[in-house]
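Which chain is which? The protein sequence lines are A and B, in order.
Residue numbers for the first sequence follow this note's numbering, beginning at 9 and rising by one.
Residue numbers for the second sequence follow this note's numbering, beginning at 36 and rising by one.
Note that the Cβ used here is the ideal one computed from N, Cα and C, for glycine as well.
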Amino acid sequence: MKIMRIAGVSVNTIFKHKMRAFLIILAIVVGIATLTVVVALTQGMNKKIMERIQNFGPDAIVIHSGGGKVRGPSTVSEANLTKKDISDIENIDGVKLITSFHIASGMPVKYGSKFISCGVWGVEPNWKDAWRTGASRGEFITDADNEHLSKVCVVGQTVVKDLFGGTNPIGESVLIENVSFHVVGVLEKRGQSPAGEDFDNRILIPLATASRRLMNQPLYIGNARVIVYTPSRIETVAKNIKEVLRENHHLAATEEDDFRMRTPVEIAEMVESASKTLKLFLWLVALISPLVGGIVLMNIMLMAVSERKKEIGLRRAVGAKKKHIIFQFLAESIMLTFSGGVIGVGTGIVIAFLIKLSGKPISITWQSFAVAFVFSTLIGLFFGIYPAKKAAALDPATALSSK
Amino acid sequence: MIEFNDITKSFVSGTVRTDVLKGVTFKVNKGEFAAIMAPSGTGKTTLLNVLGCLMKASSGSYLFEGQDIETLNDDQLSEIRNKKIGFVFQTFNLLERTSALDNVLLPLVYADVYPGDAEKKASRFLESVGLKERINYKPSELSGGQQQRVAIARALINDPAVIFADEPTGNLDSASAKEIIEIFKSLHSQGRTIIVVTHDINVARSSDRIIYLKDGKVEKEEVLR
Numbered sequence: 009m010k011i012m013r014i015a016g017v018s019v020n021t022i023f024k025h026k027m028r029a030f031l032i033i034l035a036i037v038v039g040i041a042t043l044t045v046v047v048a049l050t051q052g053m054n055k056k057i058m059e060r061i062q063n064f065g066p067d068a069i070v071i072h073s074g075g076g077k078v079r080g081p082s083t084v085s086e087a088n089l090t091k092k093d094i095s096d097i098e099n100i101d102g103v104k105l106i107t108s109f110h111i112a113s114g115m116p117v118k119y120g121s122k123f124i125s126c127g128v129w130g131v132e133p134n135w136k137d138a139w140r141t142g143a144s145r146g147e148f149i150t151d152a153d154n155e156h157l158s159k160v161c162v163v164g165q166t167v168v169k170d171l172f173g174g175t176n177p178i179g180e181s182v183l184i185e186n187v188s189f190h191v192v193g194v195l196e197k198r199g200q201s202p203a204g205e206d207f208d209n210r211i212l213i214p215l216a217t218a219s220r221r222l223m224n225q226p227l228y229i230g231n232a233r234v235i236v237y238t239p240s241r242i243e244t245v246a247k248n249i250k251e252v253l254r255e256n257h258h259l260a261a262t263e264e265d266d267f268r269m270r271t272p273v274e275i276a277e278m279v280e281s282a283s284k285t286l287k288l289f290l291w292l293v294a295l296i297s298p299l300v301g302g303i304v305l306m307n308i309m310l311m312a313v314s315e316r317k318k319e320i321g322l323r324r325a326v327g328a329k330k331k332h333i334i335f336q337f338l339a340e341s342i343m344l345t346f347s348g349g350v351i352g353v354g355t356g357i358v359i360a361f362l363i364k365l366s367g368k369p370i371s372i373t374w375q376s377f378a379v380a381f382v383f384s385t386l387i388g389l390f391f392g393i394y395p396a397k398k399a400a401a402l403d404p405a406t407a408l409s410s411k
Numbered sequence: 036m037i038e039f040n041d042i043t044k045s046f047v048s049g050t051v052r053t054d055v056l057k058g059v060t061f062k063v064n065k066g067e068f069a070a071i072m073a074p075s076g077t078g079k080t081t082l083l084n085v086l087g088c089l090m091k092a093s094s095g096s097y098l099f100e101g102q103d104i105e106t107l108n109d110d111q112l113s114e115i116r117n118k119k120i121g122f123v124f125q126t127f128n129l130l131e132r133t134s135a136l137d138n139v140l141l142p143l144v145y146a147d148v149y150p151g152d153a154e155k156k157a158s159r160f161l162e163s164v165g166l167k168e169r170i171n172y173k174p175s176e177l178s179g180g181q182q183q184r185v186a187i188a189r190a191l192i193n194d195p196a197v198i199f200a201d202e203p204t205g206n207l208d209s210a211s212a213k214e215i216i217e218i219f220k221s222l223h224s225q226g227r228t229i230i231v232v233t234h235d236i237n238v239a240r241s242s243d244r245i246i247y248l249k250d251g252k253v254e255k256e257e258v259l260r
């Protein structure tokens, strides 16, 4: 076929001008590798954000005592949620369940001669429904534990590793602030919180035990987690909770909230706003560098056209039509950019893996390949068409007589 | 088969108009070996470009095998050049870094039908111009005379109706020039139509008929054989 024969001419030309081909491919490789890395980075970031939202719970609202803009849970001393607050929230339309809990972070915990510091949570039995996680081994906190102020605990996986050296802790006793607790269960692995702290480095004890025996806060509740029926209505429910709390706490219109609320929407905004500028910058770099590659291509091809005027004239003299010349030069450009694209994706993936090794979130999916291939071909087309047209537009007689 | 009727060609550069051909009229018949004699700088190359369908005349009519060239578009002109015309240039115009064989095959890249025996045919032509041993040589490895012989083989590969030669011996020593003339003579004896444009009277003398061009017009014709 004629078209294959002309493509063959393009291939031959590439091999006859290796330095030129190398420079063009190099320029495209740099561009496409950058693009691949950025796609992988952005997707890694998105994945991490989604994981964090998933970890938080797409249908969850968390209420912390105390106002202000501070992030994270409230300490026991600032607890100001009442039992009435909790039961009022439970009656709000759309609320599936609510669970109250206390958090004391950095509590000294001792087992034998080993000593760690970790978060201690006082929880109710429905905590496991609110967080959709419970004991992976042994028992969870029960109603009876709360009634009897039992000194039992369920430990996180990090605690198992750090304190018990990975052996089965069930049946052992630990000292939390010098109070002895009996380990009845091990929590499922949970990963990181939206704020980035280790959710597995904690110990759960009954809420009543926490408020009366360990944390000395029998009246107020530090935090609560609400689960709604429909995640899409979460903002409305959150608004209603806010109203109930403001009324219960007798806050005037001018006064600020004396509690803080977190919804998955806020979590997403929080995580995304942190990476927004970075992402924008990355995309800018990612889009500019293939364009620079394209400009390099166009320059070199234009140079090639004026260098090869005589050849073009000769091809026209022996019967090449304008479209044949366009095809020959365009095929040359696209073959070069496509090769650059293939090598670029490869290089990009290697770089992405190296970044991943350093612990950054990276996600390599088929999208990286697709974006890179489409982009490199488009560059070949877009930046190759002008030199190709210029070559075809040469007057055959003039081109033939050029030096 | 070639009919030039009152062909003119002028070039406009800025406000200056240069009339190069001022009404050229002549005929060349099928199977004829004609020479167009013209001193340098008198529109020789322009005449050949118009003859070879590389550019159109400004006025007049050019009939090629009865077809009016002035009415054809760029693609149709390309096809005529591909199928009907073989060029031999003063500077050979071979592709660098490309073997003699591939140079000969060049016109076939753009042919509608690629003969199955194309390579055999190309080597046969190279053999007939005495380059059997050199089909894989690159132009830089060949002498001027040998390069021009490759160019002649290239002109023949598509079995053209006519061969246009532009000062074919201009860049050659006298021995090589003689060889090239002999090749043209033998091609003519095989029935090919050949038109040589030259300012060298020795080259012109080997043709059947000389058309003298002067000041952009045909001055006289001289029938030799």
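Taking 8 Å as the cut-off, the Cβ atoms of isoleucine 40 of chain A and phenylalanine 390 of chain A do not count as close. Scanning its chain for C-beta atoms nearer than 7 Å, with the 5 sequence neighbours on each side dropped, one finds around valine 38 of chain A the residues Ser297 and Gly301, in chain order. For the stretch 137-171 of chain B, the beta-carbon criterion of a distance under 9 Å to any beta-carbon of chain A is satisfied by Asp137, Leu141, Pro142, Leu143, Val144, Tyr145, Ala146, Asp147 and Tyr149. The DSSP-derived three-state label of glutamine 125 of chain B is coil.
The stretch 67-142 of chain A contains, as complete alpha helix (DSSP H) runs of 4+ residues, the segments 91-98 and 135-139 (chain order). Assignment of beta-bridge partners to tyrosine 97 of chain B by DSSP yields B/Phe39. Burial is judged here by how many other beta carbons sit within 10 angstroms of a residue's own beta carbon; tyrosine 119 of chain A has at least 16 and is buried. Per DSSP, valine 51 of chain B is one residue of the beta strand (DSSP E) stretching across 51-63. Looking at the DSSP output, leucine 212 of chain A shares a beta bridge with A/Trp129 and A/Val162.
For the pair methionine 343 of chain A and isoleucine 69 of chain A, the CB atoms are not nearer than the 8 Å cut-off. Residues of the stretch 97-123 of chain B that bring their beta carbon within less than 8 Å of a beta carbon in chain A comprise Asp109, Asp110, Ser113, Glu114, Arg116, Asn117, Lys118 and Phe122, in sequence order. For histidine 332 of chain A, there is no enclosing beta strand (DSSP E); the residue is found in the alpha helix (DSSP H) stretching over 330-365. Proximity of the stretch 114-121 of chain B to the stretch 331-340 of chain A falls short of the contact definition, fewer than three beta-carbon pairs being nearer than 8 Å.
Here lysine 252 of chain B is bridged, per DSSP, to B/Lys249.
Residues of chain A with a Cβ closer than 9 Å to the Cβ of arginine 244 of chain B do not exist; the shortest Cβ-Cβ separation is about 25 Å.
Around the beta carbon of isoleucine 215 of chain B, 16 or more other beta carbons lie within 10 angstroms, which makes this residue buried. Residue range 187-195 is occupied by the beta strand (DSSP E) that includes histidine 190 of chain A, with no alpha helix (DSSP H) assigned at that position. In terms of Cβ geometry, tyrosine 145 of chain B and alanine 328 of chain A form a close pair [threshold 8 Å]. Among the CB atoms of chain B, one or more fall inside 8 Å of the CB of valine 17 of chain A. Under the Cβ distance rule, glycine 39 of chain A does not count among the residues neighbouring chain B, no pair being separated by less than 8 Å. Burial check for asparagine 209 of chain A: the Cβ neighbour count within 10 Å reaches 16 or more, so the residue is buried. For arginine 254 of chain A, the uninterrupted alpha helix (DSSP H) run begins and ends at 242-256, by DSSP. With respect to leucine 212 of chain A, isoleucine 149 of chain A sits close: the two C-beta atoms are nearer than 8 Å.
Under the Cβ criterion (8 Å, minimum of three pairs), the stretch 78-89 of chain B counts as touching the stretch 222-232 of chain B. It is roughly 55 Å from the alpha-carbon of threonine 90 of chain A to the alpha-carbon of alanine 378 of chain A. Contact annotation: isoleucine 106 of chain A and glycine 230 of chain A have beta-carbon atoms that are not nearer than 8 Å. Looking only at B/Asn40, B/Gly151, B/Leu248 and B/Ser175, the smallest Cα-Cα distance to serine 75 of chain B is reached by B/Leu248.
The contact set of asparagine 84 of chain B on chain A, defined by CB atoms closer than 7 Å, consists of Ala405 in chain order.
With a 10 Å radius around the Cβ and a threshold of 16 neighbouring Cβ atoms, tyrosine 97 of chain B comes out buried. Looking at the DSSP output, lysine 44 of chain B bridges to B/Leu56. Under a 10 Å Cβ-count criterion, phenylalanine 46 of chain B is classified as exposed, with fewer than 16 other Cβ atoms of the shown protein chains found around its own Cβ. Contact between the stretch 150-166 of chain B and the stretch 134-141 of chain B is present: 3 or more CB-CB pairs across the two stretches fall below 8 Å. In the three-state DSSP reduction, threonine 233 of chain B falls in the strand class (E or B). Considered as a whole, the stretch 164-199 of chain B harbours 179-191 as its complete alpha helix (DSSP H) runs of no fewer than 4 residues, in chain order.
Judged by DSSP secondary structure, leucine 183 of chain A falls within the beta strand (DSSP E) whose first and last residues are 181-184.
Rounded to the nearest whole angstrom, the CA to CA distance from serine 94 of chain B to lysine 62 of chain B is 17 Å.
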